[in-house]
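Heads up, the thing below is written out as structure tokens.
Residue numbers (my numbering), protein chains in the order written: chain A, 4 to 218; chain R, 4 to 218.
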């Protein structure tokens, strides 16, 4: 990273380097195969210092998951302007989601795949982020329904189901985009809107989703 | 199960009882917490017999994942008649999927959550089933597009993305249905068709998906 690694580097900065290294190693080789030696070497610190700061491989993994979850959630929230129409908010949020997961493939692998394949403790960390995303999408769909059709709100349990479906499709599309040559973030975002907003029924008759005008 | 457990019970039948017990125990308590003693007791056999037949806890788990994957795939395929219109095939397949996962909640938990949270070896077993489902849905969407709009096939990579999105939303909706009071298989199936076929854009203006006429 080009930073000078003096003994006077602040703790937060050293920790960030350790987490950067851990996300890269765990994302590429998997949690089981990831070695603390490799993580320390990539971070440019000694292995005892990693243990001093992060305590154990489990705690390091947990810290990685939490950091990646917070960063992804922040990226999506930052892209969404609550004063715009709901469809526009969704499109902006979806683009931010796929842009972030494409630019941070190791972070996304840690968050979605590694966190879910190494025991319930880590899976619970990833589930907490998913619950926050679900609450966000639920509010968005409910407000979209109110905007379009004030007399007939979608029932709350129906909205919760639609939000669940949207999140599930976004997650699997992010995996697919990151593992399929030629699939960009923009492509994945458009596929999701075609699927989720226009629906297969419209696509079958050639009616693709078109992005709303920029704000 | 009421079956008489004589020493002359065929091996296949005894194995089936062991797998039934293992799916129930692993589905309810998780793979890590599941004990071979409890599995043997529930199956009404001795623990050494479980090891003799299934070799190890890992192999028993792998056998559970494979059996549940095959059963779910079979249930979906059996519900779909290739001579019917594609939308009807999709609706029949979706109903069969949610009916199966609702009637076999332990099997679905083993297949989708447990298989994905205990290491890459088991996750690969679940991924093999997902790949088969994806190929099936991909063919269905491609043939639906040809039926509706013969002059303008959806490009193959677009169809693959839509199939990926559909499978991701179906999986998360099955988890949601099985863990949310009052959400039936029929409700989850309708939510998926509303989402995937009609799309949020139509739902917002009150245009819900309606089931095609039965064959």
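Ideal placement from N, C-alpha and C gives every residue a C-beta, glycine not left out. Nothing here was measured: the structure is a model prediction, and the numbers come from that model.
DSSP places residue 160 of chain A in the helix class (H, G or I) of the three-state scheme. Taking every protein chain shown into account, the CB of residue 127 of chain R has fewer than 16 other CB atoms within 10 angstroms, so this residue is exposed. Excluding the 5 residues flanking it on each side, residue 200 of chain R has same chain C-beta neighbours closer than 6 Å at 212, in chain order.
Here residue 211 of chain R carries a coil assignment [DSSP, helix/strand/coil]. Rounded to the nearest angstrom, the gap between the Cα atoms of residue 122 of chain R and residue 121 of chain A is 5 Å. Cβ contact annotation for residue 215 of chain R (same chain, cutoff 8 Å, sequence separation greater than five): 88, 90, 91 and 94, in chain order. Chain R places no beta carbon closer than 8 Å to that of residue 13 of chain A, leaving this residue out of the contacts.
The contact set of residue 170 of chain R on chain A, defined by CB atoms closer than 9 Å, consists of 171, 172 and 175 in chain order.
With 16 or more other Cβ atoms from the protein chains shown falling within 10 Å of its own Cβ, residue 176 of chain A counts as buried. If you ignore the 5 residues before and after residue 99 of chain A, its C-beta comes within less than 6 Å of the C-beta of 78, 79 and 82, all in its own chain and listed in chain order.
Along the stretch 76-87 of chain R, there is no position whose C-beta sits under 9 Å from a C-beta of chain A. Per DSSP, the continuous alpha helix (DSSP H) segment holding residue 53 of chain R begins and ends at 50-57. One thing to note: residue 55 of chain R has its Cβ no nearer than 8 Å to the Cβ of residue 27 of chain R. The stretch 103-110 of chain R and the stretch 102-111 of chain A do not touch, with fewer than three beta-carbon pairs separated by less than 8 Å. In summary, the residues of the stretch 189-211 of chain R whose CB is separated from some CB of chain A by less than 8 Å are 190, 191, 194, 195, 197, 198, 199, 200, 201, 202, 203, 204, 205, 206, 207, 208 and 209, in the order they occur in the chain. Note that the C-beta distance between residue 101 of chain A and residue 163 of chain A is not below 8 Å. In this structure, the straight-line span from the alpha carbon of residue 115 of chain R to that of residue 149 of chain A is close to 35 Å. In this structure, residue 40 of chain R and residue 50 of chain R form a Cβ contact; the two beta carbons are roughly 6 Å apart against a cut-off of 8 Å.
Taking C-beta atoms as the reference points, residue 103 of chain R and residue 75 of chain R count as a pair closer than 8 Å.
Closer than 8 Å to the CB of residue 91 of chain A there is not a single CB belonging to chain R. Under the Cβ distance rule, residue 112 of chain A does not count among the residues neighbouring chain R, no pair being separated by less than 8 Å. Residue 144 of chain A places its beta carbon less than 8 Å from that of residue 203 of chain R.
Shown here for residue 24 of chain A: same chain residues with a beta carbon closer than 6 Å to its own, the five before and five after excluded, namely 42, 45 and 46 in chain order.
Setting aside the 5 residues that flank it on each side, residue 85 of chain R is surrounded in the same chain by 92, each with a C-beta closer than 8 Å to its C-beta; the list follows chain order.
Contacts with chain R at 8 Å (Cβ-Cβ) do not include residue 134 of chain A.
At a cut-off of 8 Å between beta-carbon atoms, residue 119 of chain R makes contact with chain A. Interface residue (Cβ-Cβ distance to chain R less than 8 Å): residue 35 of chain A is classified as such. Interface flag for residue 123 of chain A against chain R is set, since a Cβ pair is found closer than 8 Å.
Cβ neighbours of residue 180 of chain R within its own chain (closer than 8 Å, five residues either side excluded): 101, 104, 105, 186, 187, 188, 190 and 191.
Out of R/72, R/31, R/18 and R/71, the CA that lies nearest to the CA of residue 58 of chain R is found in R/18. With a beta-carbon spacing of about 7 Å, residue 53 of chain A and residue 63 of chain A fall inside the 8 Å limit used to define contacts.
Residue 136 of chain A sits buried, since 16 or more C-beta atoms from the chains shown fall within 10 Å of its C-beta. By the neighbour-count criterion, in which 16 or more other beta carbons inside 10 Å mark a residue as buried, residue 16 of chain R falls on the exposed side. For residue 103 of chain R, the uninterrupted alpha helix (DSSP H) run begins and ends at 89-106, by DSSP.
Nearest to residue 68 of chain R by C-alpha distance, out of R/96, R/158, R/132 and R/198, is R/132. Taking residue 71 of chain A as the centre and dropping the five residues before and after it, the same chain places the C-beta of 26, 110, 113 and 114 closer than 7 Å to its C-beta, in chain order.
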